[in-house]
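Q:
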Amino acid sequence: IEESEKFRIEYWELEEAKLRRMPAPKPLATRIALVTGAGSGIGKAIAHRLVAEGACVVVADLDAANARTVAEELGGPDKAVAVTVDVTSEEQIAASFEEALLAFGGVDLVVNNAGISISKPLLETTARDWDLQHGIMARGSFLVSREAAQVMTEQEMGGDIVYIASKNAVFAGPNNIAYSATKADQAHQVRLLAAELGGHGIRVNGVNPDGVVRGSGIFAGGWGAQRAAVYGVEESELGEFYAQRTLLKREVLPEHVANAVFALTGGDLTHTTGLHIPVDAGVAAAFLR
Ligand code: NAD
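For the sequence shown, position 281 (counting from the first letter as 1) is numbered 671 according to full-length UniProt numbering, and the numbering increases by one without interruption.
(1) Does the distance from the C-beta atom of V448 to that of S486 stay below 8 Å?
(2) Buried or exposed for I551, please, with buried defined as at least 16 other CB atoms from any protein chain shown within 10 angstroms of its CB.
(3) In three-state terms, what does DSSP make of I551?
(4) Give the range of the beta strand (DSSP E) segment to which D451 is assigned.
(5) Where does residue 689 sit, in a helix, a strand or coil, going by DSSP?
(6) Sort V471, S509, I526 by Cα distance to A493 and report the nearest one.
(7) If I follow the unbroken alpha helix (DSSP H) through N456, where does it start and stop?
(8) For the stretch 625-666, which segments carrying the alpha helix (DSSP H) assignment without a break, of at least 4 residues, lie completely within its bounds, in sequence order?
(9) Would you report the Cα separation of G495 and D451, rounded to the nearest angstrom?
(10) Please confirm whether G431 and P668 have their CB atoms less than 8 Å apart.
(11) Write down the C-beta distance between V441 and G466 rounded to the nearest angstrom, noting that I regard them as a contact closer than 8 Å.
(12) Which of the three DSSP states, helix, strand or coil, is assigned to V603?
(13) Tell me the start and end of each unbroken alpha helix (DSSP H) in the stretch 472-517 that is at least 4 residues and wholly inside, in chain order.
(14) DSSP has P668 in a bridge; who is on the other side?
(15) Got a sec, what are the start and stop residues for the alpha helix (DSSP H) A615 sits in?
(16) If I'm right that T572 touches N503 with Cβ under 8 Å, what's the distance once you round it to whole angstroms?
(17) Whole-angstrom Cβ separation of M542 and D498, contact assumed at under 8 Å?
(18) Is F609 near the ligand NAD, judged by its Cβ being under 7 Å from some heavy atom?
(19) Taking the beta strand (DSSP E) that A423 falls in, what are its first and last residues?
(20) For R536, count neighbouring C-beta atoms within 10 Å of its own C-beta (all shown protein chains included) and say buried if the count is 16 or more, exposed if not.
(21) Sort out for me which residues DSSP pairs A470 with in a bridge.
(22) When you compare the CB positions of N595 and T660, do they come within less than 8 Å of one another, or not?
(23) Does the beta carbon of S486 fall short of 7 Å from some heavy atom of the ligand NAD?
(24) What does R593 pair with, by DSSP beta-bridge criteria?
(25) With 16 other CB atoms within 10 Å as the buried threshold, where does D658 fall?
(26) Throw me the rounded Cβ distance for the A435 and A633 pair, which I believe falls under 8 Å.
(27) Taking 8 Å as the cut-off, decide whether the C-beta atoms of G548 and G589 are in contact.
(28) Out of curiosity, what's the CA-to-CA distance linking H666 and W613?
(29) Flag this pair as touching only if the stretch 500-514 and the stretch 552-561 have three or more C-beta atom pairs under 8 Å; answer yes or no.
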């Protein structure tokens, strides 16, 4: 009896160890996520969806007040903590992962969502514009992913890194060289990191939204006015304009982008890495205007 009991214990210890090492995606209810730029727009919708699915979330944003508000909306310290982070700072990124370890004991899902949009014609785009845009989105997401990879490989439990890139990562439009080039950089980070981290059970995927006007701070803060001028419509009509140019004739909202993050990280896509999912109601598949 003693021998069989010993065998039983050893067997379950082994099974438990295997379970801990099981590569992502694991059920979201068991997971701890860090979402950059989660104080607003798409990042906020992603944080809401992940918590609704049972995950704990670190709401990481440059805007401390917005991050706090979202963490409170999500149910407070048992489910979500707010962290102020500038993704251009290595020290602040390291500190935000430390906060996650302190609050929830680890991180196994990271969403690179923080961003700004500098939307100008080529001849008006300054070197400073270029550096600012790339500092936040290309360099910033590289730094966040590097920290994520460090933590996830030490944990030996696999994980997910998701980039919120853009349709503009692949398709060219007028007057946004700095923004679109940095999105293309992010898209290639997805493939490069998928190749480098796959052996650790870390999956790296991207979501390419387009035209998420309602609820987006980027649109409210100038991108909307600029796009409206390019398309010759009123800014207030931009949401409808974007909806009408899609194949599905539907407006894309932040929660539709969050649905794609859920599909990639919490669903059944266990063997998918290095992929970009468009969330644009069909724009990239057919035509651009
Ligand atoms: P948003 O302005 O509502 O959200 C961006 C968030 O990033 C803000 O909360 C902001 O404070 C934060 N942020 C900015 N700089 C930061 C920094 N240095 N460090 C940390 N946080 C910082 O805009 P959104 O539309 O929700 O955009 C989110 C992401 O989705 C961006 O990467 C954007 O490029 C991408 N995207 C948006 C659309 C769209 O149609 N809205 C389309 C394609 C891609």
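Virtual Cβ for every residue (Gly too), placed ideally from N, Cα, C.
A: Let's see:
(1) Locating residue 448 in the sequence shown gives position 58, counting from the first residue. Locating residue 486 in the sequence shown gives position 96, counting from the first residue. Yes, these two residues count as a Cβ contact at 8 Å.
(2) Taking the sequence shown and counting its residues from 1, one reaches residue 551 at position 161. Buried.
(3) One-based indexing of the sequence shown puts residue 551 at position 161. Three-state DSSP puts I551 in a strand.
(4) Position 61 of the sequence shown, counted from the start, is the residue given in the question as residue 451. Taken as a continuous stretch (DSSP letters only), the beta strand (DSSP E) holding D451 covers 446-451.
(5) Since the first and last residues shown for the chain are 391 and 679, residue 689 lies out of range.
(6) Looking up residue 493 in the sequence shown gives position 103. A493 has its Cα closest to that of V471, out of V471, S509, I526.
(7) Position 66 of the sequence shown, counting from 1, holds the residue named residue 456. Residues 454-463.
(8) 628-634, 644-656
(9) To locate residue 495, count along the sequence shown from 1; it is residue 105. To locate residue 451, count along the sequence shown from 1; it is residue 61. Straight-line Cα distance between these residues: approximately 20 Å.
(10) Your numbering for residue 431 matches position 41 in the sequence shown. Your numbering for residue 668 matches position 278 in the sequence shown. In this structure, P668 does not lie closer than 8 Å to G431 by Cβ.
(11) Here the question's residue 441 lines up with position 51 in the sequence shown. Here the question's residue 466 lines up with position 76 in the sequence shown. No, V441 and G466 are not in contact; Cβ-Cβ is about 11 Å, not under 8 Å.
(12) By one-based count along the sequence shown, residue 603 stands at place 213. Reduced to three states, the DSSP call for V603 is coil.
(13) 480-494
(14) Position 278 of the sequence shown, counted from the first residue, corresponds to residue 668. Note: P668 sits in a beta bridge opposite N598.
(15) As a working note, residue 615 is residue 225 in the sequence shown. Per DSSP, A615 belongs to the alpha helix (DSSP H) from 614-621.
(16) To locate residue 572, count along the sequence shown from 1; it is residue 182. To locate residue 503, count along the sequence shown from 1; it is residue 113. T572 to N503, Cβ: 14 Å. No contact.
(17) In the sequence shown, residue 542 corresponds to position 152, counting from 1. In the sequence shown, residue 498 corresponds to position 108, counting from 1. Right, their Cβ atoms sit about 6 Å apart.
(18) If you number the sequence shown from 1, residue 609 lands on position 219. Correct: F609 has its Cβ closer than 7 Å to the ligand NAD.
(19) Here residue 423 corresponds to residue number 33 of the sequence shown, with the count starting at 1. Run containing A423: 422-426, per the beta strand (DSSP E) assignment.
(20) Looking up residue 536 in the sequence shown gives position 146. It is exposed - the Cβ of R536 has fewer than 16 other Cβ atoms within 10 Å.
(21) Within the sequence shown, the letter at position 80 stands for residue 470. DSSP lists V447 as partners of A470.
(22) Residue mapping note: residue 595 aligns to position 205 of the sequence shown, counting from 1. Residue mapping note: residue 660 aligns to position 270 of the sequence shown, counting from 1. No, these two residues do not count as a Cβ contact at 8 Å.
(23) In the sequence shown, the residue the question calls residue 486 occupies position 96. Every heavy atom of the ligand NAD is 7 Å or more from the Cβ of S486, so no.
(24) Within the sequence shown, the letter at position 203 stands for residue 593. Per DSSP, D550.
(25) Start at 1 with the first residue of the sequence shown, and residue 658 comes out as number 268. D658 should be labelled exposed.
(26) The residue you call residue 435 lines up with position 45 of the sequence shown. The residue you call residue 633 lines up with position 243 of the sequence shown. About 18 Å separates the two Cβ atoms, so there is no contact after all.
(27) Residue mapping note: residue 548 aligns to position 158 of the sequence shown, counting from 1. Residue mapping note: residue 589 aligns to position 199 of the sequence shown, counting from 1. No, Cβ-Cβ distance for G548 and G589 is not below 8 Å.
(28) Position 276 of the sequence shown, counted from the start, is the residue given in the question as residue 666. Position 223 of the sequence shown, counted from the start, is the residue given in the question as residue 613. Rounded to whole angstroms, H666 to W613 spans 23 Å at the Cα level.
(29) yes
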